[in-house]
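Participant:
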Amino acid sequence: MTSSARDVVLLKPIFFCVYVFAIIICVPLSLAVWFVRRELCNEKSVAGDDKVDMLVVIIHPEQWNGGSDRCTVGMIRHFAQGGHRVVWLTTMIDEYWTTEDFCGVEIQKVNLQLHPGDWFSQNVALAYHLVCSNLKPDLIVVDHSASCVPMLKWRFPASKVLFYCHFPQQLVTPSRFFLYRWYSNLIGLIEAKLYESADVIMVNSKFTATNFAEVMPSISTNKIRVVYPPCDVDSLTVLGGTAISRMQRPPNPQYVFLSMNRFWPEKRLDIIVEAAEILKSQKYRPIIKLAGSVMPHIPESRIYYELLQKMVEEKGLQDIIEFVPSPTEEQKFELFRECDSALYTPPNEHFGIVPIEALEQRRPVIVIDSGGPAETVIEDVTGTKIAAPCGKLLAEAMRNHIKRKTWIELDVDEHYQFHKKRFEEQFSLIGFGARIDDALVSMFPDTYTPSTLPKRTSYAVTSVAPAPPPTTTTVLAASKLSNSANLRARNRA
Numbered sequence: 001m002t003s004s005a006r007d008v009v010l011l012k013p014i015f016f017c018v019y020v021f022a023i024i025i026c027v028p029l030s031l032a033v034w035f036v037r038r039e040l041c042n043e044k045s046v047a048g049d050d051k052v053d054m055l056v057v058i059i060h061p062e063q064w065n066g067g068s069d070r071c072t073v074g075m076i077r078h079f080a081q082g083g084h085r086v087v088w089l090t091t092m093i094d095e096y097w098t099t100e101d102f103c104g105v106e107i108q109k110v111n112l113q114l115h116p117g118d119w120f121s122q123n124v125a126l127a128y129h130l131v132c133s134n135l136k137p138d139l140i141v142v143d144h145s146a147s148c149v150p151m152l153k154w155r156f157p158a159s160k161v162l163f164y165c166h167f168p169q170q171l172v173t174p175s176r177f178f179l180y181r182w183y184s185n186l187i188g189l190i191e192a193k194l195y196e197s198a199d200v201i202m203v204n205s206k207f208t209a210t211n212f213a214e215v216m217p218s219i220s221t222n223k224i225r226v227v228y229p230p231c232d233v234d235s236l237t238v239l240g241g242t243a244i245s246r247m248q249r250p251p252n253p254q255y256v257f258l259s260m261n262r263f264w265p266e267k268r269l270d271i272i273v274e275a276a277e278i279l280k281s282q283k284y285r286p287i288i289k290l291a292g293s294v295m296p297h298i299p300e301s302r303i304y305y306e307l308l309q310k311m312v313e314e315k316g317l318q319d320i321i322e323f324v325p326s327p328t329e330e331q332k333f334e335l336f337r338e339c340d341s342a343l344y345t346p347p348n349e350h351f352g353i354v355p356i357e358a359l360e361q362r363r364p365v366i367v368i369d370s371g372g373p374a375e376t377v378i379e380d381v382t383g384t385k386i387a388a389p390c391g392k393l394l395a396e397a398m399r400n401h402i403k404r405k406t407w408i409e410l411d412v413d414e415h416y417q418f419h420k421k422r423f424e425e426q427f428s429l430i431g432f433g434a435r436i437d438d439a440l441v442s443m444f445p446d447t448y449t450p451s452t453l454p455k456r457t458s459y460a461v462t463s464v465a466p467a468p469p470p471t472t473t474t475v476l477a478a479s480k481l482s483n484s485a486n487l488r489a490r491n492r493a
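When you line the sequence shown up against full-length UniProt numbering, it's residues 1 to 493, in that order.
#1: What does the Cβ neighbour count give for residue 504, buried or exposed, with the cut at 16 atoms within 10 Å?
#2: What does DSSP give as the partner residues of arginine 399 in its beta bridges?
#3: Secondary structure at tryptophan 88, three-state DSSP: helix, strand or coil?
#4: Is the Cβ-Cβ distance between serine 301 and phenylalanine 351 less than 8 Å?
#5: Which of helix, strand or coil does DSSP assign to valine 203?
#6: Report the option in Leu440, Leu130, Arg435, Glu277 whose CA atom is closest to the CA atom of glutamate 396.
#7: Is there contact here, the segment 333-342 with the segment 365-381, by at least three beta-carbon pairs under 8 Å?
#8: With DSSP as the reference, label threonine 328 as helix, strand or coil.
#9: So, at 7 Å on beta carbons, what are the nonlocal neighbours of histidine 297 in its own chain, with the 5 sequence-adjacent residues on each side left out?
#10: Please list, in chain order, all residues of the same chain as leucine 162 whose beta carbon is under 6 Å from its beta carbon, the five residues on each side excluded.
#11: Whole angstroms are fine: how far does the CA of alanine 127 sit from the CA of proline 327?
#12: I'd like the span of the alpha helix (DSSP H) that includes arginine 435, first residue to last.
#13: Take every Cβ of the segment 243-256, pair it with every Cβ of the segment 434-454, and state whether three or more of those distances are shorter than 8 Å.
#14: Output yes or no for whether 8 Å exceeds the beta carbon distance between serine 428 and cysteine 165.
#15: Buried or exposed for asparagine 211, going by 16 or more other Cβ atoms inside 10 Å?
#16: Can we say the segment 431-440 touches the segment 75-85, given the rule of at least three CB pairs closer than 8 Å?
#17: Count the other CB atoms within 10 Å of the CB of arginine 285; is the residue buried (16 or more) or exposed (fewer)?
#18: Can you tell me whether proline 229 is buried or exposed? The criterion is at least 16 other CB atoms within 10 Å of its CB, across all chains shown.
#19: Excluding sequence positions up to five away, which residues of its chain have a Cβ less than 6 Å from the Cβ of proline 347?
#20: Given 7 Å as the limit, tell me if arginine 404 has its C-beta closer than that to any heavy atom belonging to the ligand NAP.
#21: Any contact between the segment 288-297 and the segment 407-414? By contact I mean 3 or more CB pairs, one from each, below 8 Å.
#22: List the DSSP bridge partners of aspartate 143.
#23: Are the segment 413-420 and the segment 211-220 in contact at 8 Å, needing three or more beta carbon pairs?
#24: Considering leucine 308, what are the terminal residues of the alpha helix (DSSP H) in which it resides?
#25: Could you tell me whether the Cβ atoms of valine 149 and alanine 198 are closer together than 8 Å?
#26: Who are the Cβ neighbours of methionine 92 in its own chain at under 6 Å, not counting the five residues just before and after it?
#27: Whose C-alpha, out of Glu338, Glu274, Glu334, is nearest the C-alpha of glutamate 313?
#28: So what's serine 259 in DSSP terms, helix, strand or just coil?
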């Protein structure tokens, strides 16, 4: 054994002792300090003089611009418009949401500069923040990590906990540094126990529900509900008018494909470049637009984006492939309107919002036949499924799309009505809200009646409560409750 290897072996017990000391000593000590601070801070109600039905606290650590973040926004809007007081605890909000109208929502932004556990510690830190506040929530909504759920149930035994599971952590392959993998593996070992404390568990697809049940058979299936993430139809209408089919706009001189996805290795955008090379060798010259958010502060995203650019340059595909980094919401739906087909290449995607947006925008989509897209895309009707993330298979599917003149179920108004209704019932904000209400009726059978909830036209915030921890800044979004579609200039994830 080399000297360096010996040093690493000797250091392992030291690291472990430091970690145990932090858990056993520092965490309870900080919790005690926060309780003392809570007693010294007199928080005032932010609901003004208006009567509210419930206090709903939403714990969502990082607000980026992906599918999970859309779920958070959908829940926030549903509860706020239902007349409830909504408090949102988060660690950061991406600039993509700077123009979002979070009407009547109290946002408590907890600054966590150092959080080596990331996925684990952020949820726990936000839960500590709630535990040490004067808030007495009726409902607590948590996603990403169930690590804080038992603590919340201990502190608020009368409160109900709704957990939205995007995918079981023990099945997610970590791609960050070793501390992240360590925490993730640890949580995976005890995940089922953590979930047992939740009152209702929502999952984003049947695919996720199946995987959840396989790895956590001890969780009662009565707790689990499939609730698809919402696609904000109202916003799409305001931003770009009603969706139009390809037959209702001038034809493109060249067939246009659109990929709308984060630049991230797991999204497999590289097979689009491979497919483009094959199509070019076969004398096909489509236009392929790779649009999506680039997160420069996350190395994986930036490196993958640069790798794709290098691949395009090396293969001489600059005349076919166009990069559209970080488009706004308005630009996104302009791109959908301009394209002829959409591409969605991640395998085993837990849900996949892009095929749903393509359905709403009346564009056929090519997806991998696995995960959520396998259940939301209807083969040869609303799109095409390929067996694996393979450049050759994708090129063949793209060639078939180029040759196909019409997609009757999407291009012809009369035939599209069925899919429009399916979209509204399963994938719209209205459908999403209805599923949430169903869950709340089961949790509050004697007190919650969705049909009698007041639909406010305003929900003012009159005062700001001081934040208990010293590292917390409280930001209050208070404004007139405008039409739910008055949104955004944010990137697509």
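Using N, Cα and C, we set each Cβ at its ideal position, and we do this for glycine too.
If you're wondering where the values come from, they're calculated on a predicted model, not measured in any experiment.
Facilitator: For this structure:
#1: Nothing can be reported for residue 504: it is not among the residues displayed for the chain, which extend from 1 to 493.
#2: Looking at the DSSP assignment, arginine 399 forms no beta bridge with any residue, so it has no partner.
#3: strand
#4: no
#5: strand
#6: Glu277
#7: yes
#8: coil
#9: none
#10: Val141, Val200
#11: 34 Å
#12: 429-443
#13: no
#14: no
#15: buried
#16: yes
#17: exposed
#18: buried
#19: Ile368, Ser370, Pro389
#20: For the ligand NAP, the structure offers nothing, since it holds no ligand at all.
#21: no
#22: Tyr164
#23: no
#24: 299-314
#25: yes
#26: Glu62
#27: Glu274
#28: strand
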